[in-house]
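Peer 1:
In UniProt numbering, the protein residues as written are 1 to 213.
(1) Under 6 Å Cβ to Cβ from residue 108, same chain only, skipping five residues before and after it: list those, please.
(2) Can you tell which of 86, 172, 73, 122 has its C-alpha closest to the C-alpha of residue 39?
(3) In terms of residues, what are the limits of the alpha helix (DSSP H) holding residue 135?
(4) Would you call the CB atoms of residue 43 and residue 53 closer than 8 Å?
(5) Confirm, please, whether the CB-CB distance from residue 183 to residue 141 is below 8 Å.
(6) Of the choices 205, 77, 71, whose alpha-carbon is the least far from that of residue 176?
(7) How many Å lie between residue 51 and residue 21 at the Cα?
(8) Determine the direct distance from the alpha carbon of residue 71 to that of residue 127, and round the result to whole angstroms.
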């Protein structure tokens, strides 16, 4: 009876990967954020990441696939920041201001002038013709609305809002405020000015004055 041949794993040839995928994706995101999807070339991403185009293709696929990865990464960061701010162990007004402060920290995170929201600044214009980008944008916006709505439902149960308050409507208002300050940041508004816009919105939502600090 013939003995069984032992199968061995194929020997990998070539050099091991010499890049950090997470760092490369971060640099690619920064490049897209600065020049937009259409205005960003694979060569400019290669220059920013220190990877040559063949390595980028091998790691992420084409420019479109890389952009979708960057968009997903931004949503993860942004939604995580909002959810942490809306933690239910804080008073509603404080939680809302923390959520807006978290957003402002992202909008003003670049070097030089404020760059606003990555989604509004780069994805919205592409979403008209690009189904994959449009799907990502719509899913992310629904997630923001849902996070605010859940917090408002809890606030109503605790008596922080009037019994007749509409959590869904208030969530849309809070999300709209976040989008507005993102656009105004990109248009050159000062951070202190945008925080005042957020404070007034929180006062209106909560039905009581929120002091500036």
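Beta carbons: idealized from backbone N, C-alpha and C, even for Gly.
Peer 2: According to the data block:
(1) 114, 191
(2) 122
(3) 131-158
(4) yes
(5) no
(6) 205
(7) 10 Å
(8) 12 Å
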